[in-house]
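Visitor: Reading the sequence shown from the start, the letters are residues 1428 to 1500 in the numbering used here. Idealized CB from N, CA, C, for every residue including glycine. All figures in this text were calculated on a predicted structure; none of them were measured in a lab.
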Amino acid sequence: MKQIKCVLIDPPDKVPGSYQSQSAIPATEMHEVYPPLGLLHIAAVLKQNGIDVRLIEARAMGLSHDEVIEEVG
């Protein structure tokens, strides 16, 4: 049986081309990057059920949308 793989992503702060990209202050500059508890709970349940899980915390890692795509690649 083939192993199921799952990638969960906590997306970057800014969305290119949106109003946010002009006005939002990145969470890393405010020193308030909280763990994505919901995603962590989902990851735990998936892992308990034999699914290979990877979590990408783009905000905490300071990744752009393009860098997230490369990480998932």
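Would you call the CB atoms of Ile-1483 and Glu-1498 closer than 8 Å?
Guide: The sequence position of residue 1483 within the sequence shown is 56, counting from 1. The sequence position of residue 1498 within the sequence shown is 71, counting from 1. Yes, they are a contact pair.
Visitor: Sorted by chain position, which residues of the same chain lie with C-beta nearer than 7 Å to Leu-1473's C-beta, five sequence neighbours on each side aside?
Guide: Counting from 1 along the sequence shown, the entry for residue 1473 is found at position 46. The answer, listed in chain order, is Cys-1433 and Val-1480.
Visitor: In or out: Asp-1437 buried (at least 16 other Cβ within 10 Å) or exposed?
Guide: Taking the first residue of the sequence shown as 1, we reach residue 1437 at position 10. Classification of Asp-1437: buried, given that the 10 Å Cβ count is 16 or more.
Visitor: Along the chain, where does the alpha helix (DSSP H) that runs through Asp-1493 open and close?
Guide: The residue given as residue 1493 occupies position 66 in the sequence shown. First-last of the alpha helix (DSSP H) with Asp-1493: 1492-1499.
Visitor: Return helix, strand or coil for Ile-1469, following the three-state DSSP convention.
Guide: Numbered from 1 along the sequence shown, position 42 holds the residue referred to as residue 1469. Helix.
Visitor: Taking the C-alpha atoms as reference points, what is the distance between Gly-1489 and Gln-1430?
Guide: The count along the sequence shown starts at 1 and reaches residue 1489 at position 62. The count along the sequence shown starts at 1 and reaches residue 1430 at position 3. Roughly 30 Å between the two C-alpha positions.
Visitor: DSSP on Lys-1429, reduced to helix/strand/coil?
Guide: Numbered from 1 along the sequence shown, position 2 holds the residue referred to as residue 1429. Note: Lys-1429 maps to coil in three-state DSSP.
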